[in-house]
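For the sequence shown, the residue numbers in numbering that gives the first Met the number 0 are 0 to 465. Glycine is no exception: its CB is placed at the ideal position from the N, C-alpha and C atoms. Since we're looking at a predicted model, the values are computed, not measured. Below you'll find the structure, written out as structure tokens, and then a few comments.
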Amino acid sequence: MDSMNVRMSFFGFVLLTLAACSAAVNAAQLPDFQQIVRDSSPAVVKIIVEQGSGSRQPGVDEIPEELRRFFEFRGAPPSQQERMGLGSGFIISEDGYILTNNHVVEGADSVVVRMSDRREFDAEIIGTDPRSDLALLRVDADDLPTLKLAADDDLEVGEWVLAIGSPFGLDYSVSAGIVSAKGRSLPTEQNENYVPFIQTDVAINPGNSGGPLFNLDGEVVGVNSQIFTRSGGSIGLSFAIPAAVARNVVEQLQESGRVTRGWLGVTIQDVDKNLAESFGLKRPRGALVAEVSKDSPAERGGLRSGDIVITFDGKDIPTSADLPHVVGLVAPGTRVDVEVMRDKSPKTLTVEVGGLGADESYTLTSGKLSGDTGGRLGMEVEAVPAESLERFGINGGVVVRDVTPGSVAAEAGIRVGDVITLIDTSPIKSTEAFEQAVDSLAEGSSVPMRLIRDGSPLFIGLKLPK
């Protein structure tokens with residue numbers, strides 16, 4: 000019995016030892032955020048905004064009841080004529096420059112910055128950039144703690160990241176997670192998408208906006224900007240503005256108080272499988288130019304409707320959403336090489352990038368692609384009326400008046416009212432030109448068709464049956 004007890008004790012000891020070793024190994028593999036929090040928290044600030052009642056800022060009445068008691072107000076609570084907005088930010092220079100989100104301070108009557116040591120400063124808004132949702136503030140102070148924007152954009156999916164901010168007014172809360180994706184395109188209400196957002200599963204909530212996102216080296220790799228939620232709280236989908244975009248915006252706001260970014264003057268759309276085949280690509284990639292604005296940098300550089308931009312300034316363009324991200328970071332006046340696919344062959348152009356100011360309405364947008372495949376052709380067309388030619392700014396074309404149900408045209412998604420202006424490389428300026436172009440199409444071939452739908456140009460890839 001004693002021998003059995005000894006053996007059982009020995010095995011128990013071994014099991015406990017193995018369990019302890021396993022726990023130690025697992026703990027060693029997990030990141031330790033304590034030093035980052037100790038070093039970085041002093042430079043993270045709370046932004047308190049007061050503004051008129053007509054603003055869009057989140058007010059105290061929008062915060063869950065059980066959390067309102069955590070709020071601290073300067074003096075008396077805000078009156079009915081004023082609302083208090085809250086956000087986060089971080090100090091980027093010892094002489095008082097602070098970075099936050101534009102939507103945190105937009106429409107502000109006054110902005111107060113509260114430090115982690117409870118000091119408060121009235122802040123001046125140096126400049127804002129709604130397109131990137133960034134704003135630069137400054138307070139009258141010296142020798143402040145600072146954070147460093149990451150110098151290299153080498154953040155990887157799966158990498159650990161950490162956020163510090165004031166969700167729901169709870170000061171200096173820390174949350175951690177991983178990078179879920181990079182280069183997320185989230186177009187604005189104006190259909191602009193100049194920011195390649197970092198997606199993370201870090202718990203970000205209202206009040207975190209404008210706060211820093213750190214890597215394990217303690218560098219700021221992003222500025223927390225927005226969340227996707229159905230409940231008002233975090234569901235693991237948060238988005239941050241990359242450090243590269245933030246650096247560019249900060250430099251311009253410090254120098255001139257405004258931001259100018261690169262502009263081409265094109266309408267673009269994505270390339271699907273059928274379009275890729277019809278344009279001579281082995282796989283879908285690039286940004287298909289659906290329209291080139293008159294007197295734009297793109298037109299002066301020789302870009303044409305139907306070109307597919309493959310690389311821009313030496314950077315690959317996997318999808319149409321990637322082109323605005325790259326163009327926006329190029330300084331106006333810079334000459335860059337643009338590789339395009341034209342007539343199923345690669346071609347390199349040199350384009351001088353134009354400038355798009357914060358107060359200008361020009362956009363580099365992505366056209367929406369409708370329809371998938373086509374063929375020969377099952378539809379009736381007629382010449383475009385003269386008044387429509389003038390309205391669309393074209394010198395010819397045919398308008399679709401009927402699509403036969405079940406035909407190849409119907410399966411392609413071609414609609415009554417579509418104006419066809421190009422089939423493959425043949426301009427369509429009349430019904431005769433349309434008939435000749437259709438008759439010349441080889442069986443089993445894939446060709447692009449350019450049309451105008453609801454006033455916007457787009458391409459559809461036509462794959463003819465064999």
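8 Å contact criterion, which residue i and residue j should meet: CB distance rounded
i, j, result
"GLN253", "SER319", "Not really, about 32 Å apart at Cβ, beyond 8 Å."
"VAL219", "ALA149", "6 Å"
"SER224", "ASN394", "In fact, because the Cβ distance is near 44 Å, the residues do not count as touching under 8 Å."
"ALA122", "GLN50", "Contact flag wrong, Cβ pair sits at about 14 Å."
"VAL399", "ARG414", "7 Å"
"ASP417", "LEU450", "5 Å"
"THR266", "GLU290", "4 Å"
"VAL201", "GLY176", "4 Å"
"GLY209", "PRO241", "Actually they are not in contact, since the Cβ atoms of GLY209 and PRO241 sit about 15 Å apart, beyond 8 Å."
"LYS302", "LEU348", "At residue 302 the sequence reads Leu, which differs from the Lys that was named. Indeed, because the Cβ distance is near 6 Å, the residues count as touching under 8 Å."
"PRO331", "ASN192", "No, PRO331 and ASN192 are not in contact; Cβ-Cβ is about 19 Å, not under 8 Å."
"ASP152", "ALA245", "Between ALA245 and ASP152 the Cβ distance is about 11 Å, and since that is not below 8 Å, they are no contact."
"GLY300", "VAL350", "3 Å"
"GLU298", "SER292", "7 Å"
"GLY84", "VAL48", "4 Å"
Own chain partners of residue i with C-beta closer than 8 Å, once the 5 adjacent residues on each side are dropped
i, result
"GLY74", "Any reading at GLY74 needs caution, since the residue's pLDDT is 42, under 50, leaving its predicted position unreliable; the model's value is listed next. Nothing listed; no residue qualifies."
"SER387", "VAL398 and VAL418"
"ASP401", "MET378, GLU379 and VAL415"
6 Å Cβ shell around residue i - same chain, five flanking residues per side excluded
i, result
"ASP315", "none"
"GLN198", "SER179, ALA180, ARG183 and PHE238"
"ASP438", "none"
"VAL248", "ASP128, SER131, LEU133 and VAL258"
"PHE196", "ARG183, LEU185 and PHE238"
Contacting residues, own chain, Cβ-Cβ under 7 Å from residue i (five flanking each side not counted)
i, result
"GLY95", "ARG137, VAL138, ASP139, ALA140 and LEU143"
"PRO317", "ARG284"
"VAL550", "Limits of the chain in this structure are 0 at one end and 465 at the other, which puts residue 550 out of reach."
"VAL446", "SER277, ILE422, ASP423, LEU440 and LEU461"
"LEU146", "SER39, ALA42, PHE89, ILE90, ILE91, PRO211 and VAL219"
"GLU93", "ASP141, ASP142, LEU143 and THR145"
"ALA408", "GLY373, LEU376, GLY377, MET378 and VAL402"
"GLU434", "none"
Residue i versus residue j - alpha carbon distance
i, j, result
"ILE125", "GLY256", "6 Å"
"ASP31", "VAL325", "35 Å"
"GLU81", "PRO205", "Any reading at GLU81 needs caution, since the residue's pLDDT is 46, under 50, leaving its predicted position unreliable; the model's value is listed next. Rounded to the nearest angstrom, the two C-alpha atoms are 19 Å apart."
"ASP216", "LEU376", "60 Å"
"LEU98", "ILE90", "6 Å"
"PRO296", "GLY164", "41 Å"
"VAL194", "GLU410", "36 Å"
"LYS428", "ALA162", "57 Å"
"GLY235", "ILE203", "8 Å"
"VAL36", "VAL160", "12 Å"
"VAL288", "PRO166", "42 Å"
"ALA113", "PHE213", "First, the amino acid is wrong: residue 113 is Arg here, not Ala. Each residue's Cα considered, the two are about 21 Å apart."
"GLU442", "SER406", "16 Å"
"GLU250", "PRO456", "36 Å"
"GLY366", "PRO426", "Low confidence applies to GLY366: its pLDDT is 41, below 50, so where it sits in the model is not reliable, and the reading given next is rough at best. Going from the Cα of GLY366 to the Cα of PRO426 covers about 21 Å."
"GLU65", "ARG118", "At GLU65, the pLDDT of 41 sits below 50, so the modelled position is not reliable and the matter cannot be decided from this model."
"SER87", "VAL44", "6 Å"
"ASP116", "PHE227", "32 Å"
For the stretch 162 to 173 against the stretch 181 to 198, do three or more pairs of beta-carbon atoms, one drawn from each stretch, fall closer than 8 Å, so that the two count as touching? no
Any 3 or more C-beta pairs closer than 8 Å across the stretch 264 to 281 and the stretch 326 to 343: yes
Quick one: which unbroken alpha helix (DSSP H) runs of 4-plus residues sit fully inside the stretch 386 to 460? Chain order, please. 407 to 411 and 430 to 438
Ignoring anything shorter than 3 residues or poking outside the stretch 114 to 194, list the beta strand (DSSP E) runs there in chain order. Correct list: 119 to 128, 133 to 138, 159 to 164 and 172 to 184.
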